[in-house]
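Below: one structure, written as structure tokens.
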Amino acid sequence: MDWSERLQQIDRRWIYLFIIVMVSIAILRPLGLPVRITDTTRMLYDHIESLPPGSVVWLGMEYSTGSIAELNPQIIAVVHHIFKKDLKLIVSGMWQDGPMIAQGLIEPLAEKYGKEYGVDWVNLGFRAGGTPYIRLMTEDIMEATAGVDHFSKPLKDYPLMQQVPRLTKEYVDFIIVADTGTPGSPEWLAYVSDPQGIPMGVCIIQMSVPGMMPYVQAGQYVGLVPGLRGAAEYEILVGETGPAVTGTDTSSMAAILVTLFIILGNIGYVMSVRRKEQE
Amino acid sequence: MILVEGRVFQLVWLIFFLGAVYVMIRRARAGLPIPEIRKIPGLEAIDEAIGRATEMGRPVHYSPGIGSISNPQTIASYAVLSYVARRCAEYDTRLIQTNRQITVHAVNQEIIKQAYLEAGRPDAYNPDDVRFLSTWQFGYTSGVLGIFQRERPAANILFGAFWAEAMILAETGHHVGAIQIGATANTAQIPFFVAGCDYALIGEEMYAASAYLSKEPVLSGTVVGQDIAKMVTFAFIILGFILEQVQGENNWLRVLFSK
Amino acid sequence: MRKELPMFITAVSGLVVVFSRYFQLGEQWNLTTTLDRWSLVSAAFAIGLGLGNLTRIHYRNVKRRREHWPFSLYLIIVMWAYMILGLYQDVEGTHFRWIYDAVLMQLSATIYGIIAFYISSAAYRAFKIRTREAAVMMIAAVIVMFGVAPIGDAIWANWGKVSDWIMNYLNVAGRRGILLGAYLGSFAVAMRIILGLERAHLGGIGTGTTIQ
Chain A
144 MDWSERLQQI DRRWIYLFII VMVSIAILRP LGLPVRITDT TRMLYDHIES LPPGSVVWLG
204 MEYSTGSIAE LNPQIIAVVH HIFKKDLKLI VSGMWQDGPM IAQGLIEPLA EKYGKEYGVD
264 WVNLGFRAGG TPYIRLMTED IMEATAGVDH FSKPLKDYPL MQQVPRLTKE YVDFIIVADT
324 GTPGSPEWLA YVSDPQGIPM GVCIIQMSVP GMMPYVQAGQ YVGLVPGLRG AAEYEILVGE
384 TGPAVTGTDT SSMAAILVTL FIILGNIGYV MSVRRKEQE
Chain B
2 MILVEGRVFQ LVWLIFFLGA VYVMIRRARA GLPIPEIRKI PGLEAIDEAI GRATEMGRPV
62 HYSPGIGSIS NPQTIASYAV LSYVARRCAE YDTRLIQTNR QITVHAVNQE IIKQAYLEAG
122 RPDAYNPDDV RFLSTWQFGY TSGVLGIFQR ERPAANILFG AFWAEAMILA ETGHHVGAIQ
182 IGATANTAQI PFFVAGCDYA LIGEEMYAAS AYLSKEPVLS GTVVGQDIAK MVTFAFIILG
242 FILEQVQGEN NWLRVLFSK
Chain C
208 MRKELPMFIT AVSGLVVVFS RYFQLGEQWN LTTTLDRWSL VSAAFAIGLG LGNLTRIHYR
268 NVKRRREHWP FSLYLIIVMW AYMILGLYQD VEGTHFRWIY DAVLMQLSAT IYGIIAFYIS
328 SAAYRAFKIR TREAAVMMIA AVIVMFGVAP IGDAIWANWG KVSDWIMNYL NVAGRRGILL
388 GAYLGSFAVA MRIILGLERA HLGGIGTGTT IQ
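Residue numbers (the numbering used here), protein chains in the order written: chain A, 144 to 422; chain B, 2 to 260; chain C, 208 to 419.
Next comes the structure, spelled out in structure tokens:
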């Protein structure tokens, strides 16, 4: 095998090994590169910032445990903001993992900010059914959730849920959807946000960003937090820097490495084309 | 007012769409000429992929994606599955079909059973090869990876709604040497199928599959009707763009749309 | 009758949704809410169906001592044990939650993390400048890849702006086209099903008459 072929057929295990090494270096010895705040993140931050204290924010947790590395830091940063601003929070999920993940993330933050469960925030838990579930909540939350929360405790006992009988503009001021797939933010947009006229923002993984940009440009999403980088940006905006800021260095390392391998592959390809032309 | 305010134009649009489809179906039924669907390489390649698996004596893997039963992409996938199952039955090639949604699994069982019956090979149908793996996205993905490693399919057909697992499935399929056809309308995943699969169907191509594979004029008529609606949509977009520049935000088209 | 009844139910349900959305009387009758209620109940039943189906398939594997049958046995034990634990403790019970956090969450995140490796090897394989279009795609990919990582801005202050421009204009334009086509396509599929023209989900392709 000559060099042109070798460069084009690097064993994928070498690529994996280099990725592990480079990413590990970035985690253990962060580069500390500055993070620029993207417009879409700032738009979501500004919208939450503009809500008066006591406003109700609805958090749709539409992701599974696979995406925790990217989305959990986003949710933590956003909930910091919500509690700092004295906003009320209601959590729901069409994905079975979502509310469980939310419980683990929000509980310590609620404790930190002295927020009481049932008064300042409620976790409605997972319900099967997908879009009919959220659509039914616009009619009657009690009926859609069978009248119980994540812990199977009656919702009627919670002051916050007495205050919010329906998922409509009258009772809910803002919707944030954290999603990785379907049912996710487009369903929230089509069945709740748009028909009810409730503004909506999204927290998504980096991979979904290109697909979601048309909604942001059309003004259907008032903001978008993109992946781990977006989490880092939100952490900076809210003044609670955490794992996301250091985590963004891993994407820098990966970008360098992948580009290097692409260049190597192309050098090999050009060499082989030239050789064939000479032959 | 009989109609709901703000949705009148939507209804008019729906009726127009239905009308376009109806006219094309009528033309097809009457034997009048309707435009043919252009060649879609990804669908043409299905026979090649199954043929290769037959020659190699290895199975074909089919995934309808991980979307729910009501996802249009899942529904579009049924026709392709039916075609693939029938071809596999005819060629006596093993078909392994994996599912993430239990309701989709139940439908797919029926589709495959029926396809084997229609091919005159009901005895070759093996219900254990139609598998429900897990409702967990990555549980399903791990299950498929295990099947790839153990059964080493020679053809991997991914046709439906895929998300983060798209790249994992396509890349592992490549590693086990399968010829791969990927189709999804999830725009974020299309680049991964383009990069990882031998053939990729983009967006609406997958919705034309049933008409394309069956070659039934009536079904083709619906695709032609859809294309007419698309052309009118594009005309509205261009007109809207011009009117926004000339008349500003309160142009007559915007007012008409909000009726 | 086996095919006609589901087709009839589909057509009626489709018409009910159209009627409820566009006609005031339909909106007042709130028929879609009733359909939503039924849908919620049937979705809850589907979970039980999945549990039963998995148990049946893997019980058969164990009973017939098929290849890898110990894994089937393991699956049955783990699935039922975790479900019983959940029923006994509720979803935030100490042990239930611990298994969820320590096992399920970590395993899922690991599989998701594998994507980083696969994207790298796929990019290395796919991004070859075979044609002009492929070259444009590769250059755009590298610009965006560096643009979303802080390293892009560190190399050149305007890198992020170039990347954002590609994402906000070139990307959005292409995606809007694909989305429009896909939505109209899905709409046509829905129409074919409501009209009973497409019956693949009931067995057979298309109208089930020809296959070429």
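Note that beta-carbon positions come from the ideal geometry of N, C-alpha and C, so glycine has one too.
Using a Cβ-Cβ cut-off of 9 angstroms, state whether residue i counts as contacting chain C.
| i | result |
| --- | --- |
| B:Leu220 | yes |
| B:Ile243 | no |
| B:Pro73 | yes |
| A:Met350 | yes |
| B:Ala90 | no |
| A:Trp146 | no |
| A:Asp182 | yes |
| B:Ser259 | no |
Residue i lies in the beta strand (DSSP E); which residues open and close that run?
| i | result |
| --- | --- |
| B:Trp1 | Since the first residue shown for chain B is 2 and the last is 260, residue 1 of chain B is missing from the structure and cannot be characterised. |
| A:Ile319 | Phe317 to Asp322 |
| B:Asn157 | Ala156 to Ala162 |
| C:Ile373 | Careful: C:Ile373 lies outside any beta strand (DSSP E) and carries neither H nor E. |
| A:Ile347 | Met343 to Ile347 |
| B:Arg132 | Val131 to Phe133 |
Measure the alpha-carbon distance for residue i versus residue j and round it to whole angstroms.
| i | j | result |
| --- | --- | --- |
| A:Ala253 | A:Thr281 | 26 angstroms |
| B:Leu202 | A:Val265 | 43 angstroms |
| B:Glu6 | A:Pro196 | 34 angstroms |
| C:Arg339 | A:Thr274 | 43 angstroms |
| C:Leu232 | B:Ile3 | 7 angstroms |
| A:Leu187 | A:Ser193 | 10 angstroms |
| A:Met237 | A:Leu367 | 20 angstroms |
| A:Val262 | A:Pro297 | 14 angstroms |
| A:Arg185 | A:Met343 | 14 angstroms |
| B:Thr55 | C:Thr240 | 49 angstroms |
| B:Ile229 | B:Ala21 | 7 angstroms |
| C:Val369 | C:Val351 | 8 angstroms |
| A:Lys227 | A:Ile277 | 27 angstroms |
| A:Val307 | A:Asp283 | 10 angstroms |
| A:Ile405 | B:Pro192 | 16 angstroms |
| C:Leu247 | B:Ile26 | 36 angstroms |
| B:Ile135 | C:Val269 | Sequence check: residue 135 of chain B is Ser here, not Ile. Cα to Cα, the separation comes out at about 18 angstroms. |
| C:Ile318 | C:Gly381 | 30 angstroms |
Would you say residue i faces chain B, with C-beta separation under 9 angstroms as the test?
| i | result |
| --- | --- |
| C:Leu222 | no |
| C:Glu234 | yes |
| A:Gln239 | yes |
| C:Glu405 | yes |
| A:Pro369 | no |
| C:Val396 | yes |
| A:Pro353 | yes |
| C:Ser315 | yes |
| C:His275 | yes |
| A:Gly390 | no |
Per DSSP, what are the beta-bridge partners of residue i in this structure?
| i | result |
| --- | --- |
| A:Val265 | A:Ile233 |
| A:Leu367 | A:Val345 |
| A:Glu205 | A:Asp322 |
| B:Leu4 | C:Phe230 |
| A:Tyr260 | A:Trp264 |
What span of residues does the alpha helix (DSSP H) with residue i cover, start to end?
| i | result |
| --- | --- |
| B:Arg122 | Run containing B:Arg122: none; DSSP gives neither H nor E here. |
| C:Gly320 | Met312 to Ala333 |
| A:Phe294 | That residue, A:Phe294, is in no alpha helix (DSSP H); it is neither H nor E in DSSP. |
| C:Ala251 | Leu238 to Lys270 |
| A:Pro302 | Pro302 to Gln306 |
| A:Pro431 | Residue 431 of chain A lies beyond the residue range present for chain A, which begins at 144 and ends at 422; the question has no answer from this structure. |
| C:Met352 | Arg339 to Val355 |
Would you say residue i faces chain A, with C-beta separation under 9 angstroms as the test?
| i | result |
| --- | --- |
| C:Ile227 | Reading the sequence as shown, one finds Ser at residue 227 of chain C and not Ile. No, its Cβ sits nowhere closer than 9 angstroms to a Cβ of chain A. |
| C:Asn378 | yes |
| C:Arg322 | Before going further, note that residue 322 of chain C is Ile rather than Arg in the sequence given. So, interface residue. |
Quiz item: In chain order, which beta strand (DSSP E) runs of at least 3 residues are fully inside the stretch 172-250 of chain B?
Solution: 180-185 and 200-203
Practice problem: At 4 residues or longer, and completely inside the stretch 21-105 of chain B: list those alpha helix (DSSP H) runs for me, N to C. | Solution: 42-57 and 73-92
Exercise. Can you give me, in chain order, the residues of the stretch 203-235 of chain A that have a beta carbon less than 7 angstroms from any beta carbon in chain D?
Key: Among the protein chains in the structure shown, which are A, B and C, there is no chain D.
Self-check item: alpha helix (DSSP H) runs contained entirely in the stretch 167-200 of chain A, provided each spans 4 or more residues
Solution: 182-193
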